[in-house]
Every structure is written in structure tokens, then in C-alpha cells.
Amino acid sequence: MNHLDSLLKPRSIAVIGASQKANRAGFIVMNNLLHGDFAGAIMPVTPRYESVAGVLAYKSISSLPIIPELAVVCTNASRNVQIFKELAEKGISAAIVLSSEMYKEGDNGESLDEQCLSIAKKHNIRILGPNSLGIILPWLNLNASFSPISALPGKIAFVSQSAAVCTTVLDWANDKEIGFSVFISIGNSSDIGFSELLDYLSTDSHTEAILLYVDTIKDARRFISAARAASRNRRILVLKGGKTPRGRAAAKAHTGGTDTLDIIYDSAIRRSGMLRVNNMHELFAAVETLTHSVPLRGERLAIVTNGGGPAIMAVDTLFERGGKLADLSDSTFQKLNGFLPDSWSHNNPIDIVGDASQKRYIDTINALLDGDEADAILIMHSPSAIAHSTETAQKIIEAIRAHPRHKRFNILTNWSGELTAKPARKLFTEAGIPTYRTPESSVVAFMHLVEYRRNQRQLMETPTTAEKVHIEDLEDAKLWIKQRLLDINTVHLDTHQNSHLFKSFDLDVLPTWIASDPSEAVHIAENIGYPVAVKLRSPDIAHKSDVQGVMLNLRNSQEVANASQAILDRSQLSYPTANIHGLLIQGMAKLAGGQELRIKVTTDATFGPIILLGQGGSEWDESIDAAAAFPPLNMTLARYLIIRAIKSGKIRLQKLPHPIDIKGLSELLVRISQMVVDCPEISELDIHPLLANGDKFTILDADITLTQYAGDAQERLAIRPYPAELEEVITLKDGSEILLRPILPEDEPLHADFINKVSKEDLYKRFFSDIGELNHEALANLTQIDFDREIAFVVLKEIDNEHVIIGVSRALINHDNTDAEFAILIRSDLKGIGLGRILMTKVIDYCRSKNTVQMSGMTMPSNRGMLTLAQKLGFELEVSFEDGTADMVLKLNE
1 MNHLDSLLKP RSIAVIGASQ KANRAGFIVM NNLLHGDFAG AIMPVTPRYE SVAGVLAYKS
61 ISSLPIIPEL AVVCTNASRN VQIFKELAEK GISAAIVLSS EMYKEGDNGE SLDEQCLSIA
121 KKHNIRILGP NSLGIILPWL NLNASFSPIS ALPGKIAFVS QSAAVCTTVL DWANDKEIGF
181 SVFISIGNSS DIGFSELLDY LSTDSHTEAI LLYVDTIKDA RRFISAARAA SRNRRILVLK
241 GGKTPRGRAA AKAHTGGTDT LDIIYDSAIR RSGMLRVNNM HELFAAVETL THSVPLRGER
301 LAIVTNGGGP AIMAVDTLFE RGGKLADLSD STFQKLNGFL PDSWSHNNPI DIVGDASQKR
361 YIDTINALLD GDEADAILIM HSPSAIAHST ETAQKIIEAI RAHPRHKRFN ILTNWSGELT
421 AKPARKLFTE AGIPTYRTPE SSVVAFMHLV EYRRNQRQLM ETPTTAEKVH IEDLEDAKLW
481 IKQRLLDINT VHLDTHQNSH LFKSFDLDVL PTWIASDPSE AVHIAENIGY PVAVKLRSPD
541 IAHKSDVQGV MLNLRNSQEV ANASQAILDR SQLSYPTANI HGLLIQGMAK LAGGQELRIK
601 VTTDATFGPI ILLGQGGSEW DESIDAAAAF PPLNMTLARY LIIRAIKSGK IRLQKLPHPI
661 DIKGLSELLV RISQMVVDCP EISELDIHPL LANGDKFTIL DADITLTQYA GDAQERLAIR
721 PYPAELEEVI TLKDGSEILL RPILPEDEPL HADFINKVSK EDLYKRFFSD IGELNHEALA
781 NLTQIDFDRE IAFVVLKEID NEHVIIGVSR ALINHDNTDA EFAILIRSDL KGIGLGRILM
841 TKVIDYCRSK NTVQMSGMTM PSNRGMLTLA QKLGFELEVS FEDGTADMVL KLNE
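So in the UniProt record's numbering the end of the sequence shown lands on 894, straight run, no missing numbers.
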């Protein structure tokens with residue numbers, strides 16, 4: 001039984017604090033439960049009334065005749081600690097807490113929420129809330145909420161931190177006759193949060209898509225890990241509140257959490273394969289699209305319209321969001337010319353003119369459905385005396401259904417207007433065709449599908465690898481950091497002090513010298529040659545531009561002396577208490593033909609280290625002037641960060657003789673990512689600026705903050721990096737060596753070659769079906785794994801001067817770490833050399849170190865080699881010749 005079944009599949013419910021007073025939560029919850037036709041037992045608990053809403057009431061939790069699977073706690077917060085003690089004594093396994101005042105302190109100094117959670121954890125009670133609206137499970141006819149509106153059954157799951165957003169969405173959805181598989185208000189989510197619900201909903205048979213309303217995330221790694229796993233099976237859309245500083249403050253006050261930049265959430269949503277919508281209007285459009293759309297084949301949109309103006313607005317929105325119009329083929333042009341008037345647009349959008357009849361609409365739509373130049377068709381209609389709104393809609397619906405190829409296309413409609421258009425839109429909704437009030441909202445909805453498709457393709461793209469830092473250089477860098485932090489908790493270092501660290505990671509730094517006064521600055525300048533730059537050196541003045549602390553292109557000793565003295569004078573005048581550590585002197589970098597960028601690494605309280613990339617400049621505001629990405633980065637992820645920064649205007653490309661080399665900048669970002677992953681003491685890094693000149697990148701200025709770090713360095717990262725510590729070289733019986741290591745996304749081509757070397761019989765034993773050549777998506781699922789919940793070990797051996805994969809073992813650990821499903825596959829021509837035991841031992845040791853309770857696997861009774869090995873390694877076997885299966889279970893940890 002799943003640990004959330006008591007909450008999401010309850011067979012009996014107790015309402016604690018049930019009431020007869022109409023304005024109380026205990027009355028509304030009872031009323032909703034009784035009017036929903038829930039088939040299970042409903043038990044009101046209250047000492048005040050003999051019955052509630054005609055149902056016999058119980059004086060206390062202990063007096064309940066059965067143990068309810070779910071309790072809805074409607075009582076005042078001050079009573080809830082005692083309530084939870086009674087729930088624990090009764091053995092109830094799940095509770096929904098509606099109270100919003102659980103933050104108040106109790107007698108022992110802990111908040112009421114903390115006290116209840118402590119009791120719940122001790123007695124295995126799962127909590128939804130506090131500050132929850134409750135849950136609605138339409139497929140069970142269950143409304144255990146105090147919402148004034150219920151939900152229709154459907155295929156979309158909605159999970160929200162805001163009760164007000166819940167009721168708003170419900171009201172709108174009921175008007176649109178859109179249903180939900182589950183409707184969950186998690187409130188402050190002190191226990192059950194987005195992560196567990198995503199794990200649950202990703203395998204729920206009633207759920208095809210998931211919508212989230214998020215204020216704040218508390219456990220970044222669990223959230224991203226769960227979202228990445230769920231987004232492979234379900235479409236997930238996210239509405240995130242708190243974009244601005246004031247909005248973030250309001251979100252923190254609402255549901256707790258930390259003040260995290262919106263661009264960081266944006267990056268997390270994208271990295272997880274989900275899609276973000278920007279506002280409630282877009283959310284409603286997204287629900288409409290998800291409810292009725294088929295998976296998108298491509299991005300080419302054809303527009304059919306009886307009005308030029310609305311089509312222009314649609315095209316503007318399409319291109320503002322990076323969409324594509326379909327190019328009409330010659331054959332489609334000929335068809336359209338055959339029945340459209342000469343005044344038609346002769347282009348896409350296809351303006352069939354204001355006097356268009358129903359027949360003209362249908363002929364045009366059929367011409368597009370006959371062809372292959374479009375992936376989606378937007379049909380637009382403005383009120384017309386010729387083509388009546390409702391009648392035209394009905395005829396179009398019939399024509400689409402009648403066309404044999406209509407399921408190959410995404411069909412969207414925009415019936416503009418209100419009085420005459422509303423009945424037509426209702427017809428489209430009933431027919432399962434997405435429909436929208438405005439041209440803009442219809443295109444935004446289409447772009448939701450496009451952007452989701454792009455995010456999914458990014459998740460599946462095979463990455464390339466940048467050359468790794470040599471182990472000697474990495475050890476040198478770690479030693480350098482250790483020496484900087486001797487007997488110091490935190491240290492701030494500038495460009496001159498950082499150059500050794502950057503060189504360890506093969507990053508080019510402009511040579512820098514320190515001068516204590518103007519005369520020393522002149523002496524250094526004479527030695528390095530003119531022109532030079534002079535910069536202020538002070539840990540207390542964050543922005544040198546505040547005191548005009550950077551002087552460039554100084555061409556002689558007089559200019560250097562004057563500039564140096566002026567910088568020091570301005571600094572002391574503006575910041576009399578600041579520590580001035582002298583001046584930095586640099587030879588002038590060749591700025592001509594180059595572009596300045598800024599790269600910053602900051603550590604967020606929730607998401608850990610974040611890499612920010614932007615144009616830079618003295619007025620740089622990282623919340624709006626940067627794109628964000630999570631380490632670890634590979635070349636593919638780094639390239640996406642750069643492209644995103646360019647497309648969003650964070651980097652404004654200049655016309656240069658040698659434009660920025662995207663590949664070279666990607667390699668630099670991967671180096672910085674390696675630095676951050678491998679050196680946890682780096683809490684902040686600010687390269688300002690980085691001079692990009694073609695494929696040459698030079699750090700002109702950089703500040704680093706180092707802080708002592710204790711514990712597992714990987715725990716601070718939102719995404720678990722490649723576990724290099726699990727690599728090992730093993731000598732086989734014949735004296736040859738193999739490399740046993742975790743799988744990499746870049747292994748996809750090697751993995752494809754490996755599969756081709758496995759016999760059909762062995763593949764059938766592994767996959768329980770005949771499989772042909774695995775496509776890119778299947779191979780990506782096998783190689784691009786989440787190391788937080790899955791492991792795959794590959795054995796590489798040199799054969800004919802090439803390193804090839806000759807064996808793979810993997811384990812998929814469930815979200816509560818109770819079971820790891822394992823599998824093993826060895827090249828058919830290399831059996832009998834001990835690979836099976838090596839691979840199995842490695843994966844067993846890994847699962848045991850993760851404290852996984854057990855490992856389980858399945859093979860065929862005819863696979864004697866696997867069964868013999870499993871038995872030798874301590875697995876319990878259960879063979880069913882009737883079913884043609886053999887189950888293997890190994891207990892690891894209690």
C-alpha cells in the first residue's frame with residue numbers, strides 16, 4: 001500500500017470538530033462530504049452535538065467505532081496538539097489540518113505546527129497542511145474540503161499552496177466544464193509537499209497532466225528530482241507567484257521558505273522538464289489546452305481567419321514568444337486559389353476575407369488537413385453576418401471529425417466576441433477542441449505546447465563533454481583554498497589573489513599587480529608597459545563605480561599618478577570608514593572587437609549554488625539582468641544557458657569582427673561549474689567583467705568569497721552531480737582491466753552499440769518483450785538518469801583500440817527508499833568472465849549505502865545464469881512457471 005493512499009484513496013473519514021454552525025469549517029466539510037456521494041464511512045467528532053447534518057456524532061476520537069483512514073482536523077489551532085495525541089492513540093494514518101494559525105508558539109516554546117509534526121512522525125501520521133483548504137477527489141466522489149465549489153471528474157491534477165487560487169480555478173473550471181483527477185491544497189506543507197505528490201500523481205491512472213501553483217519550495221533537490229521523474233510521464237505546468245522583491249516577501253509570509261530570486265525558480269522549472277505559465281490568465285488557457293490537446297508533432301502553425309486585424313495580433317504574439325508560422329506548399333496554394341476569392345491573403349495567416357461563408361472555412365481547413373506543412377491549425381472567427389457564429393462552429397466541428405487525418409494536428413479555435421461567440425465556444429469545449437476568447441490567448445496556449453515540447457527535447461538531448469580538469473590541478477586548487485582558510489571562517493579575495501585558482505581550472509586571467517600608493521602604481525605601470533588600467537582595491541566598497549574607482553587607458557606616468565590619487569581621494573571622501581587596500585594595476589586588455597560579460601555564482605538558501613550569466617555593467621541587477629542555471633553543467637546545458645541569455649536580452653550580441661564563440665563560452669561555464677561542484681568552500685564568485693573576443697575569454701576582474709564547509713559537498717547542490725567517487729578499475733581473471741563507473745548522458749552512442757551486441761534472447765529476458773533498435777528517447781531514458789534516485793553502472797573495456805560498454809547494472813530506487821528495482825545486462829559474447837558478479841556486487845553495495853530497505857528484480861525461469869548468481873548473493877527466489885516469471889528479493893536494511 002502506498003504511504004499516501006490513506007490521504008488520496010481513503011475508505012473512511014473522521015471530521016474532527018464537526019459543527020452545526022453554517023459558517024464553521026466543521027460544518028462546511030461535513031456538508032461537502034455528504035453532498036459528494038462518498039461511498040465510505042463519514043464520522044463527525046464533536047462533544048457538542050448528538051449529530052451533525054443528520055449523521056450520528058462521536059464525543060471523542062477514542063470513541064470512534066472504527067479506525068478512520070483519514071481525519072480532517074477542523075478545530076482551532078490551540079487544540080490541535082491534543083488532537084494529534086488522540087489521533088496517534090487511535091492509529092489514524094493521515095490528517096488534513098485546516099487551521100492557519102499553527103505558527104503560534106505553544107507552552108514549550110515550539111510552534112503548534114512543530115509539536116504536531118513531532119507527534120505525527122513518531123506515530124507515522126502523514127499531514128496535509130496546515131492552512132490547507134482540503135482535498136477533492138472527484139473519481140471517489142470525495143470533497144473533503146471547505147471550498148464552496150466542488151470539482152468535476154477529469155484528467156488534470158491540481159496542487160496548490162494557495163487556497164484562494166484553488167477556489168478561483170475551481171470556479172472557472174466548472175464554468176468551462178473542465179474536470180480534475182485530484183484537487184489538493186497543501187497549504188504550508190509542513191509534511192506532505194509537492195515532491196511526494198508528484199511521485200504519486202506521475203503513476204496515477206486518472207491523471208494525464210499536473211498543474212502546480214507554487215509560492216516557495218523548501219527542499220530543492222527532492223522537488224527537482226521528483227519533477228524530473230514525473231515530467232517524463234506527465235505534462236506538468238507551474239504557476240509561480242513571487243516574481244518581484246515585494247512579491248517574494250509576500251510569498252515568504254504566506255507559506256514560509258526563503259527569499260529566492262525568481263530567475264532561479266524559472267531555471268529549476270525548465271531544468272525539470274516542466275513548463276511555466278506567467279499568470280492566472282495563462283493558467284486558464286493552459287488548462288484548456290491540456291484538457292483537449294494531443295501531443296504536439298512540431299511547431300509550425302497555420303492560421304485561418306475571416307479578419308486581418310485579429311490575425312495580425314495573433315502573429316505578433318506568436319513571434320514575440322519565439323513561435324513559427326507554417327510555410328504553405330505549392331499544392332496547398334493551388335487548392336486555396338481554386339475556391340478562395342482573389343483578395344485572399346495569399347499567405348499564412350490565411351485570410352479568407354470578411355464575407356467568408358461556412359463552406360469557405362471548411363474547404364480551407366480541409367486543404368490544410370490534406371497537407372503536411374502545418375503541425376497545428378488556429379481557426380479564428382470574428383462576428384460575421386455571413387458565417388453565423390454558432391452554426392459555423394458546428395459545421396467546422398463536423399468537418400474536423402469527418403477528416404481522416406484530423407488527429408495528426410493540434411486544432412485550436414478563437415471565436416472573438418461575447419454575446420454571439422460564447423455559445424460557439426461552448427460547442428468547441430463540448431467537442432474537445434480548445435477554444436479562446438482572444439487571438440493573443442489562443443497563441444499563448446499554442447506556445448505552451450511548443451515550449452513544453454522544447455523543454456522535453458532539451459531534457460532528452462544527448463550532451464557533449466568538455467575536457468575534465470586534471471586531478472593534479474584539482475588537488476592543487478583544493479590545497480590553495482585550504483591554505484586561504486587556515487584559522488579563518490570566511491575570506492574575500494580579489495583578482496590578484498584569485499589568479500592561481502583560476503589557472504588551476506585553465507581559465508585565462510589578465511595579469512594583475514597591487515600598488516599601495518600612486519608612486520608604486522607608476523613604478524608598476526612603467527614595468528608592464530602602457531596603456532594600463534588602475535582600479536580601487538577595497539573589500540568595503542562593493543561597486544567601484546560608486547567612487548569612479550576604475551580608470552582605463554592611462555598612457556603615461558602622469559596620468560597613472562593623477563588617476564591613482566584621485567581614486568584614493570574619492571574613496572576616502574565617500575566612504576571614510578572603508579578599508580582601502582590600495583590599487584590594482586593591469587595592462588589594458590584589447591577591448592576593441594570584444595564584448596564584456598558577467599558571470600556570477602551565488603549560493604541560495606534553498607537551491608544552493610547558482611550560476612548567473614548576463615551582460616554586466618555598473619547597474620547590473622541580477623534579478624532582472626541575468627539568466628540562471630544549476631551546476632553541474634555539461635556542454636549542452638551551458639549552451640542552453642547562453643542561448644537563453646541571448647534570446648531574453650540578458651546578453652545583447654554586438655556586431656564584432658570576432659563574435660562570441662558559443663562553444664568556447666560553454667566550455668568556460670562548464671569549468672566554472674566544475675569549480676563550484678568540486679570546491680564547496682566557494683560561496684560566491686563574481687567575474688565582472690569577462691572579456692569575450694571570439695574564442696578567447698579573459699577574466700579582467702573577479703571576486704571570490706571562501707567559507708569553511710563541513711559535511712557532504714554534494715548535499716548543497718540542487719541536482720546531484722555525477723558520483724565520480726564510485727569509479728573503480730578492476731582486473732579480470734584473464735589479467736585485463738576494466739573501468740566500472742556510473743553511466744553518463746554522453747554514453748548514449750556507446751550504449752546503443754552495446755545493445756546491438758546483445759542477442760535477441762538475452763534482450764527478451766531483460767525487457768520481457770521483443771525490442772528492435774532503441775530510439776533516441778529510449779536510450780536517453782537509460783543514460784540520462786537522476787543520481788538522486790537511480791544508479792546505473794557500466795563496464796568499459798578496450799577492444800580493438802576502442803573503449804566499449806560490455807555490461808550494465810542499474811537500480812531504480814522508489815521515492816520512499818523502501819525498494820530498488822534492479823536489472824543487469826551483459827554482452828552476449830562476453831559471458832563467463834565474472835562480469836555478472838562484479839556488476840551485481842557493485843549495485844548491491846550502492847543500495848546498501850543508501851539505506852535502501854530491499855532490492856527486487858524479475859527475470860524468466862529459463863534465465864538460469866541470473867537465478868544462480870542471485871541465489872549465491874543471498875536473494876530469495878520465487879519462481880512461477882505458470883506466469884513465466886521469477887522474482888528475486890534481497891533484504892538490505894531494516
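Every residue, glycine too, gets a C-beta built ideally from N, C-alpha and C.
Asked                                                                                                                                   : Found
Residue closest to K663, alpha-carbon to alpha-carbon, out of N634, G109, L612 and I396                                                 : N634
Continuous alpha helix (DSSP H) stretch holding R766: start and end                                                                     : K760 to F767
Residue(s) in a DSSP beta bridge with Q586                                                                                              : T512 and A533
V532 to R555 span [Cα, whole Å]                                                                                                         : 7 Å
Proximity of I411 and N348 at Cβ, strictly below 9 Å                                                                                    : no
Beta-carbon spacing of S132, I96 below 9 Å                                                                                              : yes
Residue environment, P439, which counts as buried when at least 16 other CB atoms sit within 10 Å                                       : buried
Pair within 9 Å by beta-carbon distance, P130 and S100                                                                                  : yes
Rounded Cβ spacing between T603 and E684 (contact assumed at less than 8 Å)                                                             : 7 Å
Runs of alpha helix (DSSP H) lying entirely within the stretch 675-722, each at least 4 residues, in chain order                        : none
In DSSP terms, what I738 is bridged to                                                                                                  : I730
Cβ pair A626, A645 closer than 9 Å                                                                                                      : yes
DSSP-derived helix/strand/coil call for P609                                                                                            : strand
Close-in-space but distant-in-sequence residues of the same chain around F146 (CB under 8 Å, 5 per side omitted)                        : A25, I28, V29, N32, C74, L98, L133 and G134
Cα-Cα separation, G54 to S6                                                                                                             : 25 Å
Neighbourhood of T707 by C-beta, 7 Å cutoff - its chain only, sequence neighbours within 5 removed                                      : N489, T490, E681 and S683
Helix, strand or coil at D819 according to DSSP, with G and I counted as helix                                                          : strand
Bounding residues of the beta strand (DSSP E) (the contiguous stretch that carries L479)                                                : Per DSSP, L479 belongs to no beta strand (DSSP E); it is in the alpha helix (DSSP H), I471 to R484.
Whole runs of the alpha helix (DSSP H) within the UniProt domain "N-acetyltransferase" (738-893), excluding any shorter than 4 residues : 748-756, 760-767, 776-783, 835-849 and 864-872
Nearest-angstrom Cα separation, counted from I806 out to L830                                                                           : 7 Å
Distance, I217 Cα to S623 Cα                                                                                                            : 18 Å
Contacts around Y103, its chain only, beta-carbon distance under 7 Å, and the 5 residues preceding and following it disregarded         : S111 and D113
Whole runs of the alpha helix (DSSP H) within the stretch 97-178, excluding any shorter than 4 residues                                 : 112-122 and 163-176
Reference A628, options S442, T868, K765 and T260, closest by Cα                                                                        : T260
Check whether I730 and I838 have beta carbons under 9 Å apart                                                                           : yes
Straight-line gap, G323 to A230 (C-alpha atoms, nearest Å)                                                                              : 26 Å
DSSP-derived helix/strand/coil call for Q20                                                                                             : coil
Close-in-space but distant-in-sequence residues of the same chain around L197 (CB under 6 Å, 5 per side omitted)                        : V159
Contacting residues, own chain, Cβ-Cβ under 6 Å from P861 (five flanking each side not counted)                                         : V879, F881 and A886
Beta-bridge pairing of V315 - partner residues as DSSP gives them                                                                       : Its beta-bridge partners do not exist; DSSP assigns none.
Rounded straight-line distance, which links the Cα of A792 to that of F630                                                              : 22 Å
Identity of the residues DSSP links to K650 by a beta bridge                                                                            : In DSSP, K650 forms no bridge with anything.
Pairwise C-alpha distance: F333 and D372                                                                                                : 13 Å
Close Cβ partners of G17 (< 6 Å) along its chain, the five nearest in sequence each way excluded                                        : G26, C74 and T75
Residues bridged to V52 [DSSP beta-bridge criterion]                                                                                    : V55
Identified DSSP bridge partners for V277                                                                                                : L239
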